[in-house]
Each structure stands twice: as C-alpha cells, then as structure tokens.
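Participant: Attaching a single structure in structure tokens format; questions to follow.
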Amino acid sequence: MLTELEQTKRALAGKHRAIDDWLDARQALLVEYMRLAGLMPTKSKQRSLPGHVELQRFCEQLVDYVSAGHFEIYNHVVTAFEQASGDKLELAKRIYPHIRACTEFALEFNDKYSNADEAQLLQLDEDLNQLGPVLEDRFKQEDRLVKALQVVESLSRQQV
Numbered sequence: 001m002l003t004e005l006e007q008t009k010r011a012l013a014g015k016h017r018a019i020d021d022w023l024d025a026r027q028a029l030l031v032e033y034m035r036l037a038g039l040m041p042t043k044s045k046q047r048s049l050p051g052h053v054e055l056q057r058f059c060e061q062l063v064d065y066v067s068a069g070h071f072e073i074y075n076h077v078v079t080a081f082e083q084a085s086g087d088k089l090e091l092a093k094r095i096y097p098h099i100r101a102c103t104e105f106a107l108e109f110n111d112k113y114s115n116a117d118e119a120q121l122l123q124l125d126e127d128l129n130q131l132g133p134v135l136e137d138r139f140k141q142e143d144r145l146v147k148a149l150q151v152v153e154s155l156s157r158q159q160v
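Following UniProt numbering, the numbering of the sequence shown begins with 1 at its first residue and continues without gaps.
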C-alpha cells in the first residue's frame with residue numbers, strides 16, 4: 001500500500017493543495033495502521049496491545065481521513081465532472097459504493113475501539129486484519145477518482 005501511495009503522490013504532487021494534504025493524511029494513517037497491526041519492524045520480538053491513547057489517536061486519524069475523502073475530495077471531483085459535462089452518475093455508480101462501504105466500516109471500527117475495554121482489545125488483531133483490505137480498496141477507488149479528476153481537468157483546459 002505504501003508503494004502505491006508513493007506512486008500516487010509523485011503523479012499528483014503540487015496539482016491540488018487539498019489533494020496533497022489528503023495524501024499526506026493517507027500516509028500518516030497508513031503508517032499508524034502498520035504500526036498498530038505489527039507490520040513495522042521493532043527491536044522487540046514481542047507484541048503487546050496498544051495503549052488507549054495510541055488506539056484513540058489512530059481512530060481519530062481514521063475518521064478524519066475517511067471524512068475528508070468522503071465529503072471534500074469526492075465532492076470536488078463530482079463538481080469538476082459536472083462542470084465538464086461529465087457523467088457524474090456513472091462515476092458515482094462505479095466508485096462511490098466502495099468509498100461509502102469503507103467509510104461505514106471505518107466508523108464501526110472507530111465506535112468499537114475509540115473507547116475499547118480489555119475484552120474488545122482482544123479482537124483488535126482480527127479487526128485490523130479486516131480493516132487493511134478495506135483501506136486498500138478505498139485507496140484504489142480514491143486514486144481512480146483523482147485520476148478521473150485529472151482527465152476532466154485536462155479536457156477542460158483543451159476546450160478553452
């Protein structure tokens with residue numbers, strides 16, 4: 001996922017401030033996810049459950065990220081499609097259901113773990129394993145949205 005993120009950042013760097021900030025937030029979220037999931041190298045071979053503060057910080061990052069993508073970036077792309085007389089309904093039918101499903105999953109994860117008790121923390125590894133592919137699919141769909149935005153803007157510039 002980090003490799004795809006770096007490719008996306010290289011392709012889009014400097015074109016939209018909001019998208020740059022959003023991709024930086026994606027990177028921070030991804031790094032925190034990998035750390036919580038035990039995918040980052042550590043000095044110790046033993047893993048322990050994350051502290052409440054760590055988990056709450058991740059949940060906040062997760063909600064902030066999916067909210068920004070869901071409300072800001074998606075709306076920006078749809079508006080650009082409308083202005084270019086693009087078929088926003090087709091875009092919405094193909095991509096939006098994936099983004100909505102991820103948003104719902106992320107909000108459920110947040111509800112469960114933002115104030116988790118010990119019993120809930122025992123399910124964290126399993127839930128992180130489910131969250132990873134959901135985030136990966138979301139990142140792919142978001143990248144499709146941003147690429148669609150690039151195409152629309154390119155076509156708009158050609159028409160001027």
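We put the beta carbon where it would ideally sit given N, CA and C, even for glycine.
Roughly how many whole angstroms lie between the Cα atoms of K112 and C59?
Facilitator: As a working note, residue 112 is residue 112 in the sequence shown. As a working note, residue 59 is residue 59 in the sequence shown. The straight-line gap from Cα to Cα measures roughly 10 Å.
Participant: Looking at C-alpha atoms only, which residue of V31, L29, R35 and Q141 is the closest neighbour of K93?
Facilitator: Reading the sequence shown from its first residue, position 93 is the one you call residue 93. When each option's Cα is compared against that of K93, the closest is Q141.
Participant: Rounded to whole angstroms, what is the Cα-Cα separation between A28 and Q123?
Facilitator: The residue you call residue 28 lines up with position 28 of the sequence shown. The residue you call residue 123 lines up with position 123 of the sequence shown. Straight-line Cα distance between these residues: approximately 23 Å.
Participant: Apart from the five residues on each side of it in sequence, which residues of its chain come closer than 6 Å, Cβ to Cβ, to F105?
Facilitator: In the sequence shown, the residue the question calls residue 105 occupies position 105. Once the five neighbours on either side are set aside, the close Cβ partners of F105 are V134.
Participant: Apart from the five residues on each side of it in sequence, which residues of its chain come closer than 7 Å, Cβ to Cβ, to D137?
Facilitator: The residue given as residue 137 occupies position 137 in the sequence shown. Cβ within range, chain order: H98 and C102.
Participant: Looking at the unbroken alpha helix (DSSP H) that takes in I19, where does it start and where does it end?
Facilitator: Numbered from its first residue, the sequence shown carries residue 19 at position 19. Counting along the chain, the alpha helix (DSSP H) containing I19 begins and ends at R17 to L36.
Participant: Kindly indicate which residue of L131, L49 and Q120 has the alpha-carbon position closest to the one of L30.
Facilitator: Here residue 30 refers to the residue found at position 30 when the sequence shown is read from its first residue. Taking only the C-alpha atoms, the option nearest L30 is L131.
Participant: Residues in the same chain with beta-carbon distance under 7 Å from L62, minus the five sequence neighbours each way, listed in chain order, please.
Facilitator: If you number the sequence shown from 1, residue 62 lands on position 62. These residues qualify, in order along the chain: L29, A106, F109 and N110.
Participant: Using 10 angstroms around the beta-carbon of V39, count the other beta-carbons present and answer buried if the total reaches 16, otherwise exposed.
Facilitator: Reading the sequence shown from its first residue, position 39 is the one you call residue 39. At residue 39 the sequence reads Leu, which differs from the Val that was named. Its Cβ having fewer than 16 others within 10 Å, L39 is exposed.
Participant: Measuring alpha carbon to alpha carbon, tell me which residue in F71, N115, V53 and I95 is nearest L145.
Facilitator: Within the sequence shown, residue 145 is the residue found at index 145, counting from 1. The shortest Cα separation from L145 among F71, N115, V53 and I95 belongs to I95.
Participant: If V77 sits next to A18, beta carbons under 8 Å apart, how far is it from one beta carbon to the other, in whole angstroms?
Facilitator: By one-based count along the sequence shown, residue 77 stands at place 77. By one-based count along the sequence shown, residue 18 stands at place 18. Incorrect: roughly 11 Å between the Cβ atoms, too far for contact.
Participant: Rounded to whole angstroms, how far is the Cβ of D64 from the Cβ of A116, which I believe are closer than 8 Å?
Facilitator: Counting from 1 along the sequence shown, the entry for residue 64 is found at position 64. Counting from 1 along the sequence shown, the entry for residue 116 is found at position 116. Contact doesn't hold; Cβ gap of about 19 Å is too wide.
Participant: For the alpha helix (DSSP H) containing E54, name the first residue and the last one.
Facilitator: Indexing the sequence shown from 1 puts residue 54 at position 54. Looking at the DSSP string, the run of the alpha helix (DSSP H) that includes E54 is H52 to S67.
Participant: Cα separation between Q83 and D127?
Facilitator: In the sequence shown, residue 83 corresponds to position 83, counting from 1. In the sequence shown, residue 127 corresponds to position 127, counting from 1. In a straight line, the C-alpha of Q83 is about 40 Å away from that of D127.
Participant: Skipping 5 residues on each side, what residues in its chain have a beta carbon closer than 6 Å to that of L55?
Facilitator: The sequence position of residue 55 within the sequence shown is 55, counting from 1. Counting only Cβ-Cβ distances below 6 Å, and skipping sequence neighbours, we find Y113.
Participant: Measure the CB-CB distance between L36 and L121 and report whether it falls below 8 Å.
Facilitator: Here residue 36 refers to the residue found at position 36 of the sequence shown. Here residue 121 refers to the residue found at position 121 of the sequence shown. It is not a contact, given that the beta carbons lie outside the stated cut-off.
Participant: Around the C-beta of G51, are 16 or more other C-beta atoms found within 10 angstroms, so that it is buried, or is it exposed?
Facilitator: Sequence index remark: in the sequence shown, residue 51 carries index 51 (1-based). Classification of G51: exposed, given that the 10 Å Cβ count is below 16.
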